[in-house]
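Enquirer: Sequential numbering of the sequence shown, starting at 1, is according to full-length UniProt numbering. A single structure is presented below for examination.
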Amino acid sequence: MPRPALRAPSLPRGTPLVDRSPPETRTSLRRLRACHECDWLTALPPLHGGEKAECPRCGHVLATRHHRPAQRSMALALASLVALALAVSFPFISFTVSGIGNRIELTQTATTLIGFHQPLVAIAVVLTIGVLPAVYLVGVVWLQAGLLRGDPLPASRSIARSLSHLHPWMMADVFIVGALVSLIKIAGMAEVGLGISFWAFCAFALLLLLTTQSLDADWMWFSLVGEPLAPEGARTGETAAPQGLAGCTTCGLVNRLDGEGHGRCRRCGERLHARKPDSQQRTWALLAAATVMYLPANLYPIMTTTSLGHDTPSTIIGGVVQLMQMGSWPVAVVIFVASVIVPVGKLVALAWLCLVAKRSNELNAATRTRLYRLTEFIGRWSMVDVFVVAILVALIRAGALLSISPGPAALAFASVVVITMLAAMTFDPRMLWDAPLPRDARPAQGYSP
């Protein structure tokens, strides 16, 4: 039977106000969550394996429960690390043209760029496809190992906080798409061979995706630290900010803010704000920087192909046209969408959201929030062209017969991708819901801890 909710006055003196009963047995009125996208304060119901809770106002997923979350995440993380170890230990791709060939390993896609005076692009490649995913997976194993033994390992809380910050920057799946595009580009020029590393990295990208999806943050944080009692007087069915409350974006706990609308999470220590400070100003500044960088990214060549001693520079649009002339229409469409439509669409969408944020209302806020989710999701896929350049530069090294070198647009375009991702992160979608609610909005429901 479910245990009754603990009340602060009934606890012995010196006992922390923390509920450590299993997550599935907690009563719904004790587990408050403030939606990160619309700020609606909601009481979570008890969740069982395979169930999830969504915000009743905007549909954002507040919590997802998995069967055996610790065992599932740890097994997938260990399998991912094994696949990554195989991917960096064997040949990745090889090519042969007129009796001259080359074979590369996965790490050479980044190290070769350094020899062409592109250290920043090299750092971006090695971080997004290898280093950050490895750190993330080791952190997952560390956390789940402590939870399985019933005693969290040292620094578990700090590691758990870092996982949510690392997640957007892991792009192994995007790299696989870039590798496939690279293979199609050179298939007509040379004979291509796929090494063990290529297939191992494909398995790694899939396992990494499954690992991130299997991580049950709500269960993990409760198992690590417990669940402090919700602030007294919090009322569900209303927005959190007018009540002086804010939900932690890392662990989800609802906390009371100070008089200036700031504070720290009682559970994970994350900084809290009623609204992200200077959200619109920072978003506008980042959008302006991305727009400036987008011009050289398209005007200058992103790579130069040397064939029989003749140099042929290629811009992003030029590469799309070349693929169309080769008859590779599907790949040309992928590159055009990822390198042209997505960056421009993201700039326009975020600029429009900034303009309409203060004139929004509940009738159109849901649609605008869905646009924000789409904008945030697709931004990382623009890195496909950067990964294509990294792979081709490392692989096509046959001297004057056939070789490829990176152009100045590679750094500019990588900067556009990173800056637009930061712009999406700094924009606060809760601003879209801050307009007064319609008169027929449902009445607030009282809440007592």
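By construction, the Cβ of each residue, glycine as well, lies at the ideal position given by its N, Cα and C atoms.
Shortest alpha-carbon distance to isoleucine 186 belongs to which of Ser328, Leu245, Arg33 and Thr367?
Expert: Cα-wise, what sits closest to isoleucine 186 is Ser328.
Enquirer: Among Ser164, Arg380 and Arg33, which residue has its Cα nearest to the Cα of valine 416?
Expert: Of Ser164, Arg380 and Arg33, the residue nearest in Cα terms is Arg380.
Enquirer: Counting pairs of Cβ atoms below 8 Å between the region 51 to 61 and the region 148 to 160, do you hit three or more?
Expert: Contact between the region 51 to 61 and the region 148 to 160 is absent, because fewer than three Cβ pairs lie under 8 Å.
Enquirer: Quick one: Cα of isoleucine 196 to Cα of serine 360, how far?
Expert: For isoleucine 196 and serine 360, the distance between alpha carbons rounds to 53 Å.
Enquirer: Helix, strand or coil for arginine 13? Go by DSSP, reduced to three states.
Expert: Confidence is the limiting factor: at arginine 13 the pLDDT is only 40, short of 50, which leaves the residue's position unreliable and the question unanswerable from this model.
Enquirer: Is DSSP giving phenylalanine 336 helix, strand or coil here?
Expert: Phenylalanine 336: helix per DSSP, three-state reduction.
Enquirer: Apart from the five residues just before and just after arginine 430, which ones in its own chain have a Cβ nearer than 7 Å to its Cβ?
Expert: For arginine 430, where only same-chain residues beyond five positions count, the Cβ hits under 7 Å are Glu37, Cys38, Asp39 and Arg275.
Enquirer: If I'm right that alanine 414 touches valine 384 with Cβ under 8 Å, what's the distance once you round it to whole angstroms?
Expert: At roughly 11 Å, the Cβ-Cβ gap does not stay under 8 Å, so alanine 414 and valine 384 are not in contact.
Enquirer: Which whole-angstrom value is the C-beta distance of glutamine 243 and alanine 234, which I expect to be below 8 Å?
Expert: Their Cβ separation, rounded to whole angstroms, is 6 Å, which keeps glutamine 243 and alanine 234 in contact under 8 Å.
Enquirer: I need the straight-line Cα distance from phenylalanine 95 to valine 181, nearest angstrom please.
Expert: In a straight line, the C-alpha of phenylalanine 95 is about 15 Å away from that of valine 181.
Enquirer: Start and end of the alpha helix (DSSP H) containing histidine 165?
Expert: Here the alpha helix (DSSP H) through histidine 165 covers 156 to 166.
Enquirer: Could you please give the first and the last residue of the uninterrupted alpha helix (DSSP H) stretch that includes arginine 275?
Expert: Here arginine 275 belongs to no alpha helix (DSSP H), and DSSP marks it neither H nor E.
Enquirer: Across the region 134 to 152 and the region 69 to 78, are there enough close Cβ pairs to call them in contact, namely three or more that are closer than 8 Å?
Expert: Yes: the two stretches touch, three or more of their Cβ pairs being nearer than 8 Å.
Enquirer: Ignoring anything shorter than 3 residues, give me the beta strand (DSSP E) runs that lie fully in the region 258 to 316, in order along the chain.
Expert: If we require 3 residues or more, the beta strand (DSSP E) runs fully inside the region 258 to 316 come out as 262 to 264, 271 to 273, 303 to 307 and 310 to 314.
Enquirer: Entirely within the region 125 to 151 and at least 4 residues each: give me those alpha helix (DSSP H) ranges in chain order.
Expert: The qualifying runs are 132 to 148.
Enquirer: Applying the 10 Å Cβ sphere with the 16-neighbour rule, what's the burial state of glutamine 281?
Expert: Flag for glutamine 281 reads exposed.
Enquirer: Is the distance from the Cβ of arginine 267 to the Cβ of leucine 253 below 7 Å?
Expert: Their beta carbons are under 7 Å apart, which means arginine 267 touches leucine 253 by this criterion.
Enquirer: With distance defined between alpha-carbon atoms, name the residue in Trp221, Leu210, Arg256 and Gly247 nearest to glutamate 232.
Expert: Of the candidates Trp221, Leu210, Arg256 and Gly247, the one whose C-alpha sits nearest the C-alpha of glutamate 232 is Arg256.
Enquirer: Mind checking glutamate 376: buried by the 16 CB within 10 Å criterion, or exposed?
Expert: Result: buried.
Enquirer: Threshold first: 3 residues or longer. Then list the beta strand (DSSP E) segments lying entirely within the region 349 to 376, N to C.
Expert: Those beta strand (DSSP E) runs which fall completely within the region 349 to 376 and span 3+ residues do not exist here.
Enquirer: Check whether the region 403 to 411 and the region 332 to 352 touch, using three or more Cβ-Cβ pairs below 8 Å as the test.
Expert: Verdict: no, contact absent.
Enquirer: Taking the beta strand (DSSP E) that threonine 96 belongs to, which residues open and close that run?
Expert: Its beta strand (DSSP E) spans residues 91 to 97.
Enquirer: If you follow the beta strand (DSSP E) that threonine 42 is in, where does it begin and where does it stop?
Expert: 41 to 43 is the span of the beta strand (DSSP E), which, as asked, contains threonine 42.
Enquirer: Is alanine 83 closer than 7 Å to alanine 200 when the C-beta atoms are compared?
Expert: Contact: yes.
Enquirer: Which same chain residues end up closer than 6 Å to cysteine 251 when comparing Cβ atoms and leaving out the 5 residues on each side of it in sequence?
Expert: If we look at cysteine 251 and ignore the five residues flanking it on each side, its Cβ neighbours are Trp221, Arg267 and Cys268.
Enquirer: Work out the CA separation of serine 164 and threonine 211 for me, nearest whole Å.
Expert: The straight-line gap from Cα to Cα measures roughly 13 Å.
Enquirer: Helix, strand or coil for arginine 103 per DSSP?
Expert: Residue state, collapsed to three classes: strand.
Enquirer: What residue range is occupied by the uninterrupted beta strand (DSSP E) comprising isoleucine 404?
Expert: Looking at the DSSP string, the run of the beta strand (DSSP E) that includes isoleucine 404 is 402 to 406.
Enquirer: Would you call the CB atoms of threonine 304 and proline 313 closer than 7 Å?
Expert: Cβ distance < 7 Å, so threonine 304 and proline 313 count as in contact.
Enquirer: Identify which residue in Ile378, Arg68, Ala357 and Val393 has its Cα closest to the Cα of serine 214.
Expert: Comparing Cα positions, the closest option is Arg68.
Enquirer: I'd like to know whether the C-beta atoms of glutamate 238 and leucine 432 end up nearer to each other than 7 Å.
Expert: Against a cut-off of 7 Å, the Cβ pair of leucine 432 and glutamate 238 comes out as no contact.
Enquirer: What residues in its chain sit with their C-beta under 7 Å from that of phenylalanine 204, if we drop five residues either side in the sequence?
Expert: Excluding sequence neighbours, phenylalanine 204 sits near Ser80, Ala83, Leu84, Ala87 and Ala172.
Enquirer: Exposed or buried, glycine 309, counting other C-beta atoms within 10 Å across all chains shown (16 or more means buried)?
Expert: It is exposed - the Cβ of glycine 309 has fewer than 16 other Cβ atoms within 10 Å.
Enquirer: Mind checking which residues open and close the beta strand (DSSP E) that includes valine 254?
Expert: 254 to 256 is the span of the beta strand (DSSP E), which, as asked, contains valine 254.
Enquirer: Between the Cα of tryptophan 219 and those of Asn102, Val126, Ala179 and Pro46, spot the shortest distance and give me the residue it belongs to.
Expert: The candidate whose alpha carbon is nearest that of tryptophan 219 is Pro46.
Enquirer: Distance, Cα to Cα, lysine 358 vs cysteine 248?
Expert: Roughly 24 Å separates the two Cα atoms.
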